[in-house]
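Trainee:
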Amino acid sequence: MDMKKLCIIKLGTTYADMKARFGDFEYWTQNGLDAPGAFVRIVDAKNGQGLPAPEKCAGAVLTGSHAMATDEAQWSVGTENWLKEMLHAGVPVLGICYGHHLLARAAGGKAGYHPQGREVGTVELRVFPGTAGSDPLFSAVPQRFFAHATHSQTVLKLPPGAVHLAQSDHDPYHAFRIGSRAWGVQFHPEFSADIMRAYIQKQARELIQEGQNPDRLVQTVAPTPEAAAILSAFARLC
Numbered sequence: 001m002d003m004k005k006l007c008i009i010k011l012g013t014t015y016a017d018m019k020a021r022f023g024d025f026e027y028w029t030q031n032g033l034d035a036p037g038a039f040v041r042i043v044d045a046k047n048g049q050g051l052p053a054p055e056k057c058a059g060a061v062l063t064g065s066h067a068m069a070t071d072e073a074q075w076s077v078g079t080e081n082w083l084k085e086m087l088h089a090g091v092p093v094l095g096i097c098y099g100h101h102l103l104a105r106a107a108g109g110k111a112g113y114h115p116q117g118r119e120v121g122t123v124e125l126r127v128f129p130g131t132a133g134s135d136p137l138f139s140a141v142p143q144r145f146f147a148h149a150t151h152s153q154t155v156l157k158l159p160p161g162a163v164h165l166a167q168s169d170h171d172p173y174h175a176f177r178i179g180s181r182a183w184g185v186q187f188h189p190e191f192s193a194d195i196m197r198a199y200i201q202k203q204a205r206e207l208i209q210e211g212q213n214p215d216r217l218v219q220t221v222a223p224t225p226e227a228a229a230i231l232s233a234f235a236r237l238c
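The sequence shown begins at 1 in the numbering used here and counts up by one.
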């Protein structure tokens with residue numbers, strides 16, 4: 001009998017030069033999960049690879065993407081519908097950035113462009129002790145911790161019944177849970193400090209046009225071990 005796999009659902013790819021330096025989204029995610037290779041399956045949903053049946057999954061991590069959820073590309077809508085099946089089956093799910101947006105939409109929430117624009121860099125997050133204190137992934141996270149972020153779209157409205165777990169000054173919905181086994185995080189637990197710096201440098205021109213200071217943002221990038229621990233905690237849960 002085949003072992004259920006922890007599936008990494010690849011929803012995009014990074015810039016070509018960054019891929020040459022650091023690898024791609026699925027590599028960063030698998031590295032952060034710290035799970036045995038035989039336990040992990042990578043599924044390239046953006047390029048049409050078929051999504052696994054929920055009963056074949058021990059859990060699923062949905063990666064970020066340079067796409068936008070509101071464009072409603074066919075592969076994206078298909079992944080969103082698949083997430084509804086995963087939620088119904090009670091399979092553990094962790095949506096990161098774009099995956100966070102799709103999970104919110106699948107559960108009845110709303111995602112779209114942030115009204116105050118882009119959030120990028122190492123940002124401070126605050127958890128809600130009343131909800132995060134007993135959460136399987138966030139209970140070990142301090143009340144304030146740092147995480148890497150880069151996003152223009154965000155969750156604008158939480159799904160009905162969602163448990164609000166964390167926020168930043170810029171973004172009120174950095175983390176939520178649906179039921180007992182599905183999480184969305186706006187931040188990137190899979191990013192290293194070097195990857196975060198590279199993303200800021202790639203976006204420098206746009207950031208300047210938006211009134212942000214990329215040099216200052218690069219200088220304030222720092223390691224984010226508490227955020228990174230979310231991935232390995234999810235793998236242990238699966």
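Backbone N, C-alpha and C fix where the C-beta goes; we use that ideal spot for every residue, glycine too.
1) On the criterion of 16 or more Cβ atoms from any shown chain inside 10 Å, does Arg-205 qualify as buried, or is it exposed?
2) So what does Trp-183 bridge to, in DSSP terms?
3) So Met-196 and Gly-121 are in contact, right, with Cβ under 8 Å, and what is the actual spacing, rounded?
4) With respect to the beta strand (DSSP E) encompassing Arg-41, which residues constitute its N-terminal and C-terminal limits?
5) So what's Met-1 in DSSP terms, helix, strand or just coil?
6) Figure out for me which residue from Cys-238, Val-40 and Phe-191 has the closest Cα to the Cα of Leu-137.
7) Return the bridge partner residues of Glu-119 from the DSSP annotation.
8) Taking the straight line between their C-alpha atoms, what separation do you get for Ile-42 and Leu-51?
9) Could you please give the first and the last residue of the uninterrupted beta strand (DSSP E) stretch that includes His-114?
10) What three-state label does DSSP hand Val-127 in the structure shown?
11) Using the C-alpha atoms, what's the distance from Ala-140 back to Ala-67?
12) How about Pro-189 and Ala-132: are their beta carbons less than 7 Å apart?
13) Report the three-state DSSP secondary structure of Gly-59 (helix, strand or coil).
14) Which partner residues does Leu-102 have in the DSSP bridge list?
15) Taking only the alpha-carbon atoms, compute the straight-line gap between Lys-202 and Thr-14 and give it to the nearest angstrom.
16) Output needed for Ala-69: all residues of its chain with C-beta closer than 7 Å, excluding positions within five of it in sequence on either side, in chain order.
17) Roughly how many angstroms separate the alpha carbons of Leu-207 and Gly-117, rounded to a whole number?
18) For Thr-79, I'd like the list of residues in its chain whose CB is within less than 8 Å of its CB, leaving aside the five on either flank, ordered along the chain.
19) Report the residue from Ala-38, Ala-60, Gly-37 and Thr-29 whose alpha carbon sits nearest the alpha carbon of Arg-181.
20) Ends of the beta strand (DSSP E) at Ala-166?
Mentor: According to the structure data:
1) Label assigned to Arg-205: exposed.
2) Answer is Leu-94 and Arg-177.
3) About 7 Å separates the two Cβ atoms, so the contact holds.
4) It spans 40 to 44 - the beta strand (DSSP E) in which Arg-41 sits, taken as one unbroken run.
5) Only weak support exists for where Met-1 lies, its pLDDT of 49 falling under 50; the value from the coordinates is given anyway. Coil, per DSSP.
6) Relative to the Cα of Leu-137, the nearest Cα in the group Cys-238, Val-40 and Phe-191 belongs to Cys-238.
7) DSSP, once it has assigned bridges, lists His-151 as partnering Glu-119.
8) Each residue's alpha carbon lies about 10 Å from the other.
9) Bounds of any beta strand (DSSP E) do not take in His-114, whose DSSP letter is neither H nor E.
10) The answer is strand: DSSP assigns Val-127 an E or B state.
11) Per the coordinates, the alpha-carbon of Ala-67 lies some 32 Å from the alpha-carbon of Ala-140.
12) For Pro-189 and Ala-132, no; Cβs fall outside 7 Å.
13) Assigned with DSSP and collapsed to three states, Gly-59 falls in strand.
14) The partner list for Leu-102 (beta bridge, DSSP) is empty, contrary to what the question assumes.
15) For Lys-202 and Thr-14, the distance between alpha carbons rounds to 11 Å.
16) Answer for Ala-69: Ser-76, Tyr-98, His-101, Leu-102, Arg-105, Ala-111 and Gln-153, listed in chain order.
17) About 10 Å.
18) Apart from sequence neighbours up to five positions away, the residues of its chain that approach Thr-79 with a beta-carbon distance below 8 Å are Ile-9, Leu-11, Ala-45, Leu-51, Leu-62 and Leu-102, ordered along the chain.
19) Checking every option, the nearest Cα to that of Arg-181 belongs to Ala-60.
20) Annotation: the continuous beta strand (DSSP E) that includes Ala-166 extends over 163 to 167.
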